[in-house]
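Visitor: In our numbering, the protein residues as written are 1163 to 1349.
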Amino acid sequence: MTTAPIRLEVIVGSVREGRFGPVVAEWFTRRAGAHPDFDTRALDLADAGLPSDLSRTPESDRFRDRIAAAEAFVMVTPEYNHGYPGALKDAIDSAKEQWRAKPVGFVSYGGLSGGLRATEQLRQVVAEVHMVSVRQTVSFHQARKRFGPDGETDDGAAIDGSARLLAQLAWWAQALRSARSVEPYPG
1163 MTTAPIRLEV
1173 IVGSVREGRF
1183 GPVVAEWFTR
1193 RAGAHPDFDT
1203 RALDLADAGL
1213 PSDLSRTPES
1223 DRFRDRIAAA
1233 EAFVMVTPEY
1243 NHGYPGALKD
1253 AIDSAKEQWR
1263 AKPVGFVSYG
1273 GLSGGLRATE
1283 QLRQVVAEVH
1293 MVSVRQTVSF
1303 HQARKRFGPD
1313 GETDDGAAID
1323 GSARLLAQLA
1333 WWAQALRSAR
1343 SVEPYPG
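Rendered as C-alpha cells:
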C-alpha cells in the first residue's frame, strides 16, 4: 500500500542575531529530505512574523494554517540559560489544536550540555498541547566546533541519532495519521 509522504516541518527555534540554529536546521533538513517517508519543509521562526503578544494577525493565522497542515515536527533548539528560547514558546502557544495528536522530535545544540536541558523542558510543554514526543534526540555539544564550513558534520552519534529519530517520527506520524482518519482526536 502506498501512502502520501508525511509533511514534516523542521522548526528553527531561535531568532537571535548571530544564532547558529540555521546551520543545524539546514543539516537536519537535508537528512530528513533524503528520507523517503517525508515531504520536508523548514520553518524559521525569525521569518514567521509571530507577534510576541500572541495576538491574532495575518502572520499568526498563516503560521497556524501551516502547523495544521503538517503531520510531524522537529524542533531545532538551542539552550539559553538552561532553557529553550522564548520565540519557541511563543510559537507553541500561538497554536493549540493545530499541534494535537502529532509527533515531534528534537534536535538541540549548545555548550557542554548540547541543549539537552532545553529538550527535556520542551517535552513537558509539547505534552501539554497533546503532542507525542519521540524518545530519540539529536544533540550537538559545543555545536560550532561540530560543523565544517560546508554545513556538514562528522559527528557519528548525531548522524546515527538522526536516522533513528526520523524512523521513530515516521512510525508515529503514520500511526497517528491512521488514528485521526478513523476518529478525530478528542482533545
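Every residue, glycine too, gets a C-beta built ideally from N, C-alpha and C.
Report the residue from Leu1250, Phe1235, Val1186 and Val1300 whose alpha carbon sits nearest the alpha carbon of valine 1177.
Guide: Leu1250
Visitor: What residue ranges within the stretch 1187-1212 form continuous beta strand (DSSP E) runs of no fewer than 3 residues, ordered along the chain?
Guide: 1200-1206
Visitor: Return helix, strand or coil for serine 1295, following the three-state DSSP convention.
Guide: If DSSP states are grouped into helix, strand and coil, serine 1295 belongs with the strands.
Visitor: Helix, strand or coil: how does DSSP classify threonine 1165 here?
Guide: coil
Visitor: Which ranges does the beta strand (DSSP E) cover as unbroken runs of at least 3 residues, wholly within the stretch 1228-1304, from first to last along the chain?
Guide: 1234-1240, 1265-1272 and 1294-1303
Visitor: Quick one: does histidine 1197 have its CB under 8 angstroms from some CB of chain B?
Guide: The chain labelled as chain B is not found in the depicted structure, where only one protein chain is given.
Visitor: Where do the N-terminal and C-terminal ends of the alpha helix (DSSP H) with glycine 1318 fall, by residue?
Guide: 1318-1344 is the extent of the alpha helix (DSSP H) around glycine 1318.
Visitor: Should aspartate 1201 and isoleucine 1229 be called a contact, given that it needs their Cβ atoms to be closer than 8 angstroms?
Guide: no
Visitor: Determine whether the beta carbon atoms of alanine 1337 and phenylalanine 1182 lie at a separation below 8 angstroms.
Guide: no
Visitor: In this structure, how does DSSP classify glutamate 1314 when only helix, strand and coil are distinguished?
Guide: coil
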